[in-house]
Amino acid sequence: MSAFRIHPLLSRLLVACSAGAALAVLATPASAKPAAVDQCYNCHHEGGTPQAIAFAKDIHYLNGVTCADCHGGDPTKDDQDAAMSPAAGYRGKKIRKSDIPVICGKCHGAGSNDFKRENHLTDVADSLSAGVHGEALRNNDNGPQCVSCHGVHNIVAVSDPASPVSPGHVVKTCATCHADAKYMHDFNPRLPVDQYAMYLTSVHGQLNAQGDPKPATCVSCHSNHLIYHVKDPRSPVYATRIPETCARCHSNARYMAQYHIPTDQFAQYRRSRHGIALLERSDLNAPACNSCHGNHGAAPPGAMSVVAVCGNCHQANAELFQKSVHKEPFAKRNLGGCVVCHGNHGIQEPTDALVGFDERSACGKCHKRDASDTAARDITHMRALLDSLQQGQQAADREIDHAEQLGMDVADAKYDLRDVHQALVQARVAIHSFKVSDLADAIHPGIAVLAAAEKAGNEAVHDYYFRRQGLAVSTLIVTLVTVLLYLKIREIEKEKKK
Amino acid sequence: MNETFKTRAMAWLRARLPIDAAVDFAQHKQVPAYHGSVWYYFGGISLFLFIVQVISGILLIMYYQPGVATGYESVRFIVVHVKFGWLVRSVHTWSANLMIFSVFVHMFSVYFTKAYRKPRELTWFTGLVLLGLCMGFGFSGYLLPWNTLAYFATKVGTAISATTPFIGPTILQILRGGSEVGAETLTRFFGLHVAVMPAIFTVMLGTHLMLVQIQGMHEPHEWEGAPESQKKYMPFFPNFILRDLLLWLIVLNVLAILAVMFPWEIGHKADPGAAAPMGIKPEWYFLFMYQALKYFPGKILGLDGDAVGVMLFGAAGLLWALVPIWDSRLPRGSRNRIVTYIGIFVVIAIIVLTGIGLT
Numbered sequence: 001m002s003a004f005r006i007h008p009l010l011s012r013l014l015v016a017c018s019a020g021a022a023l024a025v026l027a028t029p030a031s032a033k034p035a036a037v038d039q040c041y042n043c044h045h046e047g048g049t050p051q052a053i054a055f056a057k058d059i060h061y062l063n064g065v066t067c068a069d070c071h072g073g074d075p076t077k078d079d080q081d082a083a084m085s086p087a088a089g090y091r092g093k094k095i096r097k098s099d100i101p102v103i104c105g106k107c108h109g110a111g112s113n114d115f116k117r118e119n120h121l122t123d124v125a126d127s128l129s130a131g132v133h134g135e136a137l138r139n140n141d142n143g144p145q146c147v148s149c150h151g152v153h154n155i156v157a158v159s160d161p162a163s164p165v166s167p168g169h170v171v172k173t174c175a176t177c178h179a180d181a182k183y184m185h186d187f188n189p190r191l192p193v194d195q196y197a198m199y200l201t202s203v204h205g206q207l208n209a210q211g212d213p214k215p216a217t218c219v220s221c222h223s224n225h226l227i228y229h230v231k232d233p234r235s236p237v238y239a240t241r242i243p244e245t246c247a248r249c250h251s252n253a254r255y256m257a258q259y260h261i262p263t264d265q266f267a268q269y270r271r272s273r274h275g276i277a278l279l280e281r282s283d284l285n286a287p288a289c290n291s292c293h294g295n296h297g298a299a300p301p302g303a304m305s306v307v308a309v310c311g312n313c314h315q316a317n318a319e320l321f322q323k324s325v326h327k328e329p330f331a332k333r334n335l336g337g338c339v340v341c342h343g344n345h346g347i348q349e350p351t352d353a354l355v356g357f358d359e360r361s362a363c364g365k366c367h368k369r370d371a372s373d374t375a376a377r378d379i380t381h382m383r384a385l386l387d388s389l390q391q392g393q394q395a396a397d398r399e400i401d402h403a404e405q406l407g408m409d410v411a412d413a414k415y416d417l418r419d420v421h422q423a424l425v426q427a428r429v430a431i432h433s434f435k436v437s438d439l440a441d442a443i444h445p446g447i448a449v450l451a452a453a454e455k456a457g458n459e460a461v462h463d464y465y466f467r468r469q470g471l472a473v474s475t476l477i478v479t480l481v482t483v484l485l486y487l488k489i490r491e492i493e494k495e496k497k498k
Numbered sequence: 499m500n501e502t503f504k505t506r507a508m509a510w511l512r513a514r515l516p517i518d519a520a521v522d523f524a525q526h527k528q529v530p531a532y533h534g535s536v537w538y539y540f541g542g543i544s545l546f547l548f549i550v551q552v553i554s555g556i557l558l559i560m561y562y563q564p565g566v567a568t569g570y571e572s573v574r575f576i577v578v579h580v581k582f583g584w585l586v587r588s589v590h591t592w593s594a595n596l597m598i599f600s601v602f603v604h605m606f607s608v609y610f611t612k613a614y615r616k617p618r619e620l621t622w623f624t625g626l627v628l629l630g631l632c633m634g635f636g637f638s639g640y641l642l643p644w645n646t647l648a649y650f651a652t653k654v655g656t657a658i659s660a661t662t663p664f665i666g667p668t669i670l671q672i673l674r675g676g677s678e679v680g681a682e683t684l685t686r687f688f689g690l691h692v693a694v695m696p697a698i699f700t701v702m703l704g705t706h707l708m709l710v711q712i713q714g715m716h717e718p719h720e721w722e723g724a725p726e727s728q729k730k731y732m733p734f735f736p737n738f739i740l741r742d743l744l745l746w747l748i749v750l751n752v753l754a755i756l757a758v759m760f761p762w763e764i765g766h767k768a769d770p771g772a773a774a775p776m777g778i779k780p781e782w783y784f785l786f787m788y789q790a791l792k793y794f795p796g797k798i799l800g801l802d803g804d805a806v807g808v809m810l811f812g813a814a815g816l817l818w819a820l821v822p823i824w825d826s827r828l829p830r831g832s833r834n835r836i837v838t839y840i841g842i843f844v845v846i847a848i849i850v851l852t853g854i855g856l857t
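Respectively, the protein sequence lines represent chains D and L.
Numbering of the first sequence is given in my numbering, commencing with residue 1 and proceeding in unit increments.
Numbering of the second sequence is given in my numbering, commencing with residue 499 and proceeding in unit increments.
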C-alpha cells in the first residue's frame, strides 16, 4: 500500500487533469506555492514582460494560479503556438472586461470547496454581479469589475496594507471612478462625485489619513462586493438601516474606546421621537444619523451649527431662534442651540411642560422662578397662554362630544376645531422667539375658534333639550285636542241615540 | 253682522257652485258601522300622511339643490342651519315610511274584505297605481340626500331592474341616465320625485277619492240579503269625518315623537369610488322582493335566476292586480276562501321575508 503512495504534488496534478487546473491548484491551501508547470509565466518572466514581473508577487501566482487560469491556453506546452492556440482555450492577451467576473468567479464565485470555505471566497463574484456594480457592467462594458479595485497582475491580500482595497487605500480606489465626473456620467449622471472630497473633510477621513485603519471607509457602510443602491431597502445605507449601520462601530464600546466618545447614541436614538418615526413607523422623512452629521463628510455638528442642522427640517423654529434673545448668550457659552432644551440623540416629543419651571421644564435649567425677574415672568405667562389653548380645546371637545352623544349634528364646529390644533402648532413654533407677544399673536385665533366651537356645542345641547321640550308641549296640546274631539264625538253620538 | 255676511257669502257661492247638492250629499252619506269599520280609516290615514308629505316636501324643496356636488350639502344645510329644517326633514322621511305602511294595510284590508268587487274594480286599480307611486316616491326620494347608503342601495335596486328579460338594460339606462348611478340619475330621480310622480299621483288620487264618494263605502258580505234593521250606519258628516280627524291627530303625535326622538341620519356623502359598505339593503318595503330573489338559483332552465325571479314577481303582481276579474269568475262567489288563503299566504310571506331581510 505504501509503495503506491502518491506524492501530494502528483495528486494535485491528477486532480488538475480531471477538474481543471485552477480549482486543482486552489484546492491545496496547506502547501500553497507557485504551480510547478507554467510555461507562460516562465517565458514572459524571462522576457521581462511587465505583467509577468508584477505577477511574481501576485497572491494568485504565489498560490499556484497560472496565467492560463485566466487567459486560457495550455501552460504545459513550451511551444508558443501550441500554448496560445484557441484550440487550447486561449482567450487572448486582453480579456473583455465583462468576462472578468466570470473568470474570477471560477474560483471566487458560487460553489464551494475547502479552499473557498477557508478563505471566505464562496460568492464574491456573484455578489459583485448582483449589486449596482454588476448592473453597471452589464449595461456598459466599461463598468467596474474585479480588477477595477483589486488590480490586475499585482493583486495582494486585502489585509496587506499595499492592497488598493486595504483600509488605507480603499477610499482612494473607489474615488478613481466615483470622483471622476466624466466617467460617472456614463452610468449615473445624477450621482454626486464629491464623496471623496467630503470624506477627506470628515472625522473618519482625517483619522484614516493619519493611518488609523479603524474609522469607516466606503466599504464599512456600503459593503464591498454586494453593493446596493442607496434607495434599495437591502442596502446598509438605506434610510431605515443607517442608524444600525453606524451603530456597528459607534455602539461598540471596545472598538470606540480609543476615541473617547459615547457609545449610547443608537440606544438613545431608537427610543427617540426621530428613531421611533424612522425605525418603527418607517417614516423616511424622519432623520437618521446622516441627516444631522452628514454622510461622507460626517462630523459632529459644532455648537454654532446645531441650529442650522435642526433648521434643515424645523426651519421656522430655527429662524425664530436665530432672532431671539437666546442666540447670543448661547453662543457665548458655546451652547448648541436646540439641543440645550430638546436634547440630541434621545430627543423626545416636545410638550408644553418644557416651558415653565416644572421638573421637566427646559427653562428651569438656566432660569430661576423669581417674580422680580422679567424673563421668569415671561416664562410663566407663556406657559399660561399655551395652557389656556390646551385646556380650552379640551373643554370645547367635551362640549362638542356631549352634543354628539345626544345625537346632534356638530360636524361644522368639529371641523372648525381643527384650526385650534393649527393655532397650537403655530404657537409651539412661535415660542422659539421667546417673546410673549409673538406667542399671544399665534394663540389668539385659536382662542376665537374655541369660543365659537364651545358656543356651537352649547347651542346644540340647548337645542336638543329645546326639541324635547317642544315635543312634550306639542304632544300635550295635540293629545288634549284629541281628547276633546273624542268627547265631542261621544256627545254627538249620544245626542243621536236620544 | 256675521250672520248677514255668512248668508251673503253662501248666496254668492250658491249662484256659482252646486253647494246645496254637496251639503245634501254630505248630510245623507252613510258609512257602514260594524266590526270591520276600523279598516276604513287607513285610507284616511294614508291621505293625511300624503298631505304631510306634500307640505314637508314643499318646505324641503325651498332649500334642496339636486346635484352630486350640492345634494348632500344642501340636505346638511337644511338639517343643521335652517330653522326647524331637521324637523321638516325627519317628518318627511318618517311620514313617507308610515304612509307606505298605511297604504299596504289599506290595500290588504280592501283585499280581505273583498271590497274590490264590482262595482269597485276601478277604485282597486287606481289604489294599486297609488301604492306603486308611493313606492316610486320612496325609491326616488331615498337617493336625493346623495349619501353612501342611498347611493349603493340605488345601485343595487336599479341593477335588479336590469335583469328584466328583453327590456332590462333599457330600463336600467332610463333609470340611471347612463351606465352608472351618477349625476344624471340624481337629477332624473329628483324630477320624478317632485314633478312627474306628484302630477300622476294627484290625478290618480282625485279619481280614487271621487270613486269612493260616488260608490260609497263597501258593505260587509254578511249584510247581503239581511233586513235593513240589522244594518247599522253612521253619518259620514260629522261622525265619520270627526273620527278620521281623531285618528289623524293620533298619527300626528306618533309622527312628531318619531321625528324628534329618532331623527333620520344624514350619513356620509356618497363616494362612488369607495367600496360598498357591508350589508347594503333596500328600504324595508322592497326588502321582501330583494330577499326572495336571493333564494333563486343562479340559473333556472338556462335562464338567469334573477330574471326568472323578476318575471315571477311581475306575474304575481299582475295576478294580484287583476283579482277583481278572476275572483268574480270563481264558482264559490262571495265566500270564496281561495282568495283569502292567497292573501294570508302573501301577508305571511311578506312579513317573514322582510323579517329575515332586516336581521
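Beta carbons are placed, not taken as given, at the ideal position from N, Cα and C, and that holds for glycine.
Residues of chain L with a Cβ closer than 8 Å to the Cβ of L485/D are, in chain order, L740, L743, L744 and L747.
What A754/L touches in chain D, judged by beta-carbon distance under 7 Å, is L471, S474 and T475, going in chain order. Proximity of R467/D to chain L, defined by a Cβ-Cβ separation below 8 Å, is satisfied.
Going by DSSP, V483/D is part of the alpha helix (DSSP H) stretching over V436 to K497.
Residue range T374 to Q405 is occupied by the alpha helix (DSSP H) that includes Q394/D. When C-beta atoms of the segment 60 to 76 of chain D are compared with those of the segment 88 to 104 of chain D, three or more pairs fall below 8 Å, so the two segments count as touching. At a cut-off of 8 Å between beta-carbon atoms, P643/L makes no contact with chain D. For M732/L, the enclosing beta strand (DSSP E) has its first and last residue at Y731 to P733.
Using a Cβ-Cβ cut-off of 8 Å, L750/L counts as an interface residue toward chain D, since at least one Cβ of chain D sits closer than that to its own.
Under the criterion of beta carbons closer than 8 Å, P733/L and Q528/L qualify as touching, at roughly 6 Å. Restricting attention to D416/D, D378/D and I379/D, the CA atom closest to the CA of A396/D is found in D416/D. Chain order gives the chain D residues near P736/L as I492, where near means a beta carbon separation below 7 Å. At a Cβ-Cβ threshold of 8 Å, T656/L and Y640/L do not count as neighbours. Judged by DSSP in its simplified three-state form, L801/L adopts strand.
In chain order, P564 and L642 place their CB closer than 7 Å to the CB of F688/L, counting only its own chain and leaving out the 5 sequence neighbours on each side. Per the C-alpha coordinates, the member of K116/D, V156/D and A82/D positioned closest to A56/D is V156/D. Between the segment 744 to 764 of chain L and the segment 833 to 843 of chain L, the count of C-beta pairs closer than 8 Å stays below three; the two stretches do not touch. One thing to note: A774/L has its Cβ within 8 Å of the Cβ of F650/L. Judged by pairs of C-beta atoms under 8 Å, the segment 133 to 151 of chain D does not touch the segment 42 to 50 of chain D, as fewer than three such pairs exist. Rounded to the nearest angstrom, the Cβ distance from Y199/D to H296/D is 5 Å, consistent with a contact under 8 Å. If you check each beta-carbon in the segment 568 to 591 of chain L against every beta-carbon of chain D, the ones closer than 7 Å belong to V577 and V578. Excluding five sequence positions before and after V806/L, the CB atoms of its chain that fall closer than 7 Å to its own CB belong to F794 and I798, given in chain order. Residue-level contact check: K323/D does not touch chain L, since none of the beta carbons of chain L fall below 8 Å from its beta carbon.
Here L620/L has L709 as same chain residues with Cβ atoms under 7 Å from its own Cβ, once five neighbours each way along the sequence are excluded. Residue-level contact by beta carbon holds for V758/L and chain D, with a gap shorter than 8 Å. Apart from the 5 residues on each side of it in sequence, P34/D sits with its Cβ closer than 7 Å to the Cβ of Y61, L62 and G64 in its chain, given in chain order. The alpha helix (DSSP H) runs of length 4 or more contained entirely in the segment 259 to 326 of chain D are, from start to end of the chain, 265 to 270, 289 to 293, 306 to 311 and 315 to 322. Residues of chain D whose Cβ lies closer than 8 Å to the Cβ of P761/L are, in chain order, G407. Within the DSSP secondary-structure output, V529/L pairs in a beta bridge with M732/L. A contact between stretches requires three or more CB pairs, one per stretch, nearer than 8 Å, and the segment 689 to 700 of chain L fails this requirement with the segment 585 to 603 of chain L.
In the structure shown, the three-state DSSP call for K653/L is helix. Contact note: I489/D reaches chain L through N737, L740, R741 and L744, using a C-beta cutoff of 8 Å and chain order. N645/L counts as buried, since at least 16 other C-beta atoms from the protein chains shown sit within 10 angstroms of its C-beta.
For I739/L, the enclosing alpha helix (DSSP H) covers residues I739 to M759.
The beta strand (DSSP E) runs lying completely inside the segment 651 to 711 of chain L and spanning 3 residues or more number zero. In this structure I698/L is not in contact with L629/L, their Cβ atoms being roughly 13 Å apart against a cut-off of 8 Å.
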